[in-house]
Amino acid sequence: MVSLSRAGLVRAAYRVGWRYGGALPEPVVRAAAAVAARVVVARDGVHVRRLRENLTVLTGRPADAALLRAGIASYVRTFWEVLALPRWERADVLARVELVDEAVLREAHATTGVVAALPHSGNWDLAGAWACLTGMPVTSVAEQLGSAEFAAFLAFREGLGMEILSHRAPALVDTLVEHVDRGRLVCLMADRNFSGRGVEVDFAGRRVTFPVGPAVVARRSGAALVPVVTSYGGQPLRRGSRLRLVVGPVVPTQAGDDGLVAMVQGCADFFTSVLREHPEDWHLLQPFFDLPARKAAAA
């Protein structure tokens, strides 16, 4: 009997999903997401408990079952959209995205170049596909958990027009600076700190560590650091509903270590204000607001 590892099962699930999942009609997906949300929240597993903790801090009030169900349904919607993206025509992608303050992004891209900093909210893959189709070819970085998984997602995102680098790539910052110089839109996830080398900032009233990568690349390349939040804006999944890309103001470049922290704080402040409008789209099911506990453990 052949035994599949968890990673192998995940790869198999995505292969099947990319072949068939995107063909499911939106009403079916909407109904499935609602059922899945009720079942998952009722089971109250570790990821739901983490989501409850994170949304409670973000919103400043206890996250109730309705918000948690909305959060899981949003997560399922994003998962389906990722599966469906390779099937969509250019017109489909463009019709599913709307911009708030797009001029900020366009002007910066046409002049200094842009490093876009994004939280884990909404559907950043759809946002990247939209950018590539509208004259802003995207370069991003993906966490390389395993070679096979990375290859699968590399092929998926390259098929959408993006260029993806491994977080393990040597001289990564130098490479990203080169991509800015080539006129590419460098998009980096900027809330979860995977490297352990982030800086402390205030986010939703708590001290957390954010990654410094977006600010470092922007400062070294001379590009504008622009925070962007993707969200479904409270729209249910149906024909004509859109992903909203809310573009923030350019974060001023500042020198020195304190300046770097100030730049990261500028992104964190924008994330807080926009994510609180539709917290259900912040897909953080992992530990996040645990800086004091990690500091105590390291002491």
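Read in order, the letters of the sequence shown correspond to residues 2 to 300 in my numbering.
Cβ coordinates follow ideal geometry from the N, Cα and C atoms, glycine included.
Computed from a predicted model, the values in this text were never measured in an experiment.
- For P253, the secondary structure class from DSSP, reduced to helix, strand or coil, is coil.
- For D102, the secondary structure class from DSSP, reduced to helix, strand or coil, is coil.
- Rounded to whole angstroms, L285 and I73 show a C-alpha spacing of 10 angstroms.
- Collapsing the DSSP output to three states places S274 in a helix.
- Inclusion of V36 and V49 in the CB contact set at 8 angstroms is not warranted, their separation being larger than that value.
- Positions of the alpha helix (DSSP H) runs, each at least 4 residues long and wholly inside the stretch 160 to 215, are given as 173 to 182 in order along the chain.
- Secondary-structure assignment with DSSP links P228 through a beta bridge to A118.
- Of all C-beta pairs linking the stretch 215 to 226 to the stretch 80 to 99, fewer than three are shorter than 8 angstroms, placing the two stretches out of contact.
- For W283, the secondary structure class from DSSP, reduced to helix, strand or coil, is strand.
- With respect to F271, P212 sits apart: the two C-beta atoms are not nearer than 8 angstroms.
- The continuous alpha helix (DSSP H) containing T57 extends over residues 47 to 60.
- Secondary structure at L238: coil, using DSSP grouped into helix, strand and coil.
- Across the set D182, G129, V47, the C-alpha of G129 shows the shortest separation from the C-alpha of I165.
- Judged by pairs of C-beta atoms under 8 angstroms, the stretch 255 to 265 does not touch the stretch 119 to 135, as fewer than three such pairs exist.
- If you draw a straight line from the Cα of E27 to the Cα of H279, it comes to about 21 angstroms.
- In this model, V94 and E159 are separated by some 15 angstroms (Cα to Cα).
- Setting aside the 5 residues that flank it on each side, F151 is surrounded in the same chain by Q145, each with a C-beta closer than 6 angstroms to its C-beta; the list follows chain order.
- Judged by DSSP secondary structure, A143 falls within the beta strand (DSSP E) whose first and last residues are 139 to 143.
- Residue burial annotation: R208 is exposed, with fewer than 16 other C-beta atoms found within 10 angstroms of its C-beta.
- L59 and V275 have their C-alpha atoms some 11 angstroms from each other.
- Contact between V116 and A219 holds: CB atoms are separated by about 4 angstroms, below the 8 angstroms threshold.
- Contact between P120 and W283 holds: their C-beta atoms lie close to 7 angstroms from each other, under 8 angstroms.
- In terms of Cα proximity to S141, the closest of A67, A34, E179 is E179.
- A direct Cα-Cα distance of roughly 15 angstroms separates A34 from G235.
- In the same chain as A71, and ignoring 5 residues on each side of it, the C-beta atoms closer than 7 angstroms to its own belong to E281, in chain order.
- Distance from the CA atom of F290 to the CA atom of R107, rounded to whole angstroms, is 34 angstroms.
- In this structure D192 is buried. Its beta-carbon is surrounded by 16 or more other beta-carbon atoms within 10 angstroms.
- Taking C-beta separations shorter than 8 angstroms and ignoring five residues to either side along the sequence, the partners of T113 in its chain run G223, A224, A225, following chain order.
- Per DSSP, L244 lies in no alpha helix (DSSP H) segment; the continuous beta strand (DSSP E) that holds it begins and ends at 244 to 248.
- The criterion of a C-beta distance shorter than 8 angstroms is satisfied by Q287 and R51.
- Taken through DSSP and simplified to helix, strand or coil, G260 comes out as helix.
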